Structures are given as C-alpha cells and as structure tokens.
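Residue numbers (my numbering), protein chains in the order written: chain A, 11 to 123; chain B, 149 to 262.
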Amino acid sequence: KNQVEQSPQSLIILEGKNCTLQCNYTVSPFSNLRWYKQDTGRGPVSLTIMTFSENTKSNGRYTATLDADTKQSSLHITASQLSDSASYICVVSAASGTYKYIFGTGTRLKVLA
Amino acid sequence: KAGVTQTPRYLIKTRGQQVTLSCSPISGHRSVSWYQQTPGQGLQFLFEYFSETQRNKGNFPGRFSGRQFSNSRSEMNVSTLELGDSALYLCASSLLTSDTGELFFGEGSRLTVL
Numbered sequence: 011k012n013q014v015e016q017s018p019q020s021l022i023i024l025e026g027k028n029c030t031l032q033c034n035y036t037v038s039p040f041s042n043l044r045w046y047k048q049d050t051g052r053g054p055v056s057l058t059i060m061t062f063s064e065n066t067k068s069n070g071r072y073t074a075t076l077d078a079d080t081k082q083s084s085l086h087i088t089a090s091q092l093s094d095s096a097s098y099i100c101v102v103s104a105a106s107g108t109y110k111y112i113f114g115t116g117t118r119l120k121v122l123a
Numbered sequence: 149k150a151g152v153t154q155t156p157r158y159l160i161k162t163r164g165q166q167v168t169l170s171c172s173p174i175s176g177h178r179s180v181s182w183y184q185q186t187p188g189q190g191l192q193f194l195f196e197y198f199s200e201t202q203r204n205k206g207n208f209p210g211r212f213s214g215r216q217f218s219n220s221r222s223e224m225n226v227s228t229l230e231l232g233d234s235a236l237y238l239c240a241s242s243l244l245t246s247d248t249g250e251l252f253f254g255e256g257s258r259l260t261v262l
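Set out below in structure tokens:
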C-alpha cells in the first residue's frame, strides 16, 4: 500500500535553532518527492521537488535530502525564524497507478521567540 | 503575475445540497488539480485536468466531479453533500502536467456542511 509517514507530528523549537523533519514512504513506482510549507489558513507553497536521481536540494534555509534506497527524505531548516512556524507536508508522486499523489499528514512546527 | 484564484473562499451548505467551486489558474498554466484537506485525513488528491481532459482521479466517490474549460479555468462539483464533506478544498495549477512541475496552490475554499 502506498503510504507517506511524517515525523514528528509536531515540534517546538526556539528561534535561531536548527531542526530536521522526516518523511518515510512506501510509494512505488516512485516519481518524485516534494516538500511544501503551509501557513495556517493558506494554501501550501512549494519548497523543493526531487526526482530519483537527486539526493539533496536547497531553497534558502531549507535543505531537503532524499535516499531512494531507504525511501526516506528529510527537510532541514537552518537558523529558524518565527515565520517558519507552519505545517510542512511531504508529498510523494507515483509514476503510475490511480492515486498519483500521496500526502503525508504533515509536521506542525512552532518557532518560539 | 496573478496567482491561483479560488472562489468562493468560504461557504456554508446543508446536507443534501450541491456545491460548485471555481479555480482560475495562473495565466498560461494548463494543468489544474484539486485536493481535499481535513484535520483527520490531511491532504487528499481529488483529480487533475489538463487541456480540458481528466488525467488522474483520486479515491473519491462519484459525487465529486470536475471539469476544465478551454481557458484552463476549472470547476469542481460535489452533489448530495454529507457532513464529512466539510473541508478546505484546494486547487493547484502547473505549467504543464503536474508530474514533475511545480504546483502553485490557491488559498482554498472552506466548505462547511451543516
């Protein structure tokens, strides 16, 4: 069964600290993996997209890694800011099949001053 | 450049009614996909349209339907509303198909079913 699991469910950190969010998937055949940031009451905003051959991609203070062998991805946030408080959603796309997009339930991050 | 526009932003319906939501993609984008977001289930894929044709469909009942017009604007319809249909409905557009391109989401339409 195609699944995407994210951990932790929620996280609280102090401003300026780093953090890492995890995403494990069992989607097959794999097409790509995306990380999104969703502020409360807003639509998700794309952070990174990675295909099978990419194992690291950065977007400012956000760095995503992908290990296609272990089917794991992580999103590392460096020097967190209050504006990083949001939900972070991992989405894995299947290369075929009816249900192409499998979403994780997200990690809710709270950055405190 | 205008973003993805969804209307209405908020609406309240009663069980048994039907609802139509609209999505205007970014100018030039040909793919529109729809998603349902609830606290319990998270984001779930509904369907994707490209050049007026449905490319993919998620695991939702036939009460959920959609279409895309020649100008790429899309509508989704939910008939015979149930309490469990209360959710944030998001649409996203991408330049070509959504397979590898970046998705740009709208702010969503929040539907409450009483």
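For glycine and all other residues, C-beta sits at the position ideal for the given N, C-alpha and C.
The structure presented is a predicted model; accordingly, all values stated were derived computationally and were not measured.
Chain A places a beta carbon closer than 8 Å to that of residue 192 of chain B, counting this residue as a contact. The straight-line gap separating the alpha-carbon atoms of residue 61 of chain A and residue 77 of chain A is approximately 11 Å.
Residue 40 of chain A does not reach chain B, its nearest Cβ partner there being about 12 Å away, counting only Cβ pairs nearer than 7 Å. When secondary structure is reduced to three states using DSSP, residue 229 of chain B falls in the coil class, being assigned neither helix nor strand. When DSSP states are grouped into helix, strand and coil, residue 94 of chain A belongs to the helix group.
Sequence-ordered contacts of the segment 44-63 of chain A with chain B read 44, 46, 48, 51, 52, 53, 54, 55, 56, 59 and 61 [C-beta pairs closer than 9 Å].
Remark: C-beta atoms of residue 67 of chain A and residue 58 of chain A approach each other more closely than 8 Å.
Excluding sequence positions up to five before and after residue 29 of chain A, its CB lies within less than 8 Å of the CB of 21, 23, 86, 87, 90 and 119, all in the same chain and listed in chain order. Chain-order list of chain A residues neighbouring residue 253 of chain B: 46, 48, 52, 53, 54, 55 and 56, by C-beta distance under 9 Å.
Along the length of the segment 22-90 of chain A, whole beta strand (DSSP E) runs at least 3 residues long occupy 29-35, 40-48, 55-61, 66-69, 72-77 and 82-87, reported in chain order.
Interface criterion met: the Cβ of residue 256 of chain B is under 8 Å from a Cβ in chain A. In the displayed model, residue 168 of chain B falls within a strand according to three-state DSSP. DSSP places residue 261 of chain B in the strand class (E or B) of the three-state scheme.
Scanning chain A for C-beta atoms nearer than 8 Å to the C-beta of residue 250 of chain B yields 56 and 59, reported in chain order.
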